[in-house]
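In full-length UniProt numbering, the protein residues as written are 1 to 249. Backbone N, C-alpha and C define an ideal beta-carbon position, used for all residues, glycine too. Reading through the structure tokens given below for one structure.
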């Protein structure tokens, strides 16, 4: 519904959203949360089959975005581990490999993944949610933070010394549920009684992946980060953006 604009870049592919409601073959004793809990069962197999993914971790759950044209490969890859459903008119309809066999192409072997540089600024972040009925009370503050109270973007290739702090704010509204990632200093600007977080109130550090914009074609970027964290049972949120990927640990 957005009008075309010379100031707006749009990726040329259509992406479909997947969500996982069970952990597949993750160890039953795994206590990690976020992308870590689906690293072995979802992220790694898709990378092995040369499927590029975008990740969006929220306060409530994790979403995986895949290109629409890659859906047959995705279903063939995950069908052995998961029952797969598609949503039609609010109902969940089972999907089998036979349903997409006409569009299935045997994936080409994935090339050796590129090792992207990572930066870890000193900024500490919070992962929060807000009750939908209290959103109007912080709407003005949200607009100010999103559109006015930010620094100009850093040039691609900025050195690690330039990244002692990073401006990052993520707001998601998905099926009525709100998820916010903001730095600890920005959190102080909001009424504390309206922002909900875990009982421990834990803070997160960010690892930004990519020295320059990553693009959308390369596969395995999420797996490079998520698999080692899963092996160490480290919880992580993962947010892909238009230019870079970000892991919160």
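Classify residue i as helix, strand or coil using the three-state DSSP reduction.
i: residue 246; result: strand
i: residue 236; result: strand
i: residue 213; result: coil
i: residue 1; result: coil
i: residue 205; result: strand
i: residue 70; result: helix
i: residue 41; result: helix
i: residue 225; result: helix
i: residue 193; result: coil
i: residue 92; result: strand
At the level of alpha carbons, what is the spacing between residue i and residue j?
i: residue 248; j: residue 179; result: 14 Å
i: residue 67; j: residue 18; result: 11 Å
i: residue 140; j: residue 238; result: 27 Å
i: residue 54; j: residue 114; result: 16 Å
i: residue 25; j: residue 12; result: Since pLDDT at residue 25 reaches only 48, below the 50 mark, its modelled position is unreliable, and no value is offered.
i: residue 197; j: residue 127; result: 7 Å
i: residue 16; j: residue 10; result: 15 Å
i: residue 207; j: residue 184; result: 16 Å
i: residue 79; j: residue 93; result: 14 Å
i: residue 147; j: residue 236; result: 27 Å
i: residue 70; j: residue 192; result: 43 Å
i: residue 5; j: residue 143; result: 21 Å
i: residue 170; j: residue 74; result: 27 Å
Pop quiz: residue i and residue j are said to be a contact at Cβ under 8 Å. What is the actual Cβ separation, rounded to whole angstroms?
i: residue 125; j: residue 35; result: Contact doesn't hold; Cβ gap of about 15 Å is too wide.
i: residue 134; j: residue 59; result: Their Cβ separation, rounded to whole angstroms, is 15 Å, which puts residue 134 and residue 59 out of contact at 8 Å.
i: residue 189; j: residue 120; result: Going by Cβ atoms, the distance from residue 189 to residue 120 rounds to 24 Å, so no, they are not a contact pair.
i: residue 137; j: residue 194; result: 6 Å
Say whether chain C places a C-beta atom closer than 8 Å to the C-beta of residue i.
i: residue 247; result: The structure shown contains no chain C, having only a single protein chain.
In the region 111–142, which residue ranges form an unbroken alpha helix (DSSP H) of at least 4 residues, counting only runs that do not cross its ends?
-> Fully enclosed alpha helix (DSSP H) runs of 4 or longer: not present.
Does the region 232–246 touch the region 206–217, meaning 3 or more C-beta pairs lie closer than 8 Å?
-> Short answer: they touch.
Hey, is the region 218–236 in contact with the region 34–53, meaning 3+ C-beta pairs nearer than 8 Å?
-> Between the region 218–236 and the region 34–53 there are three or more inter-stretch CB-CB distances shorter than 8 Å, so the stretches are counted as touching.
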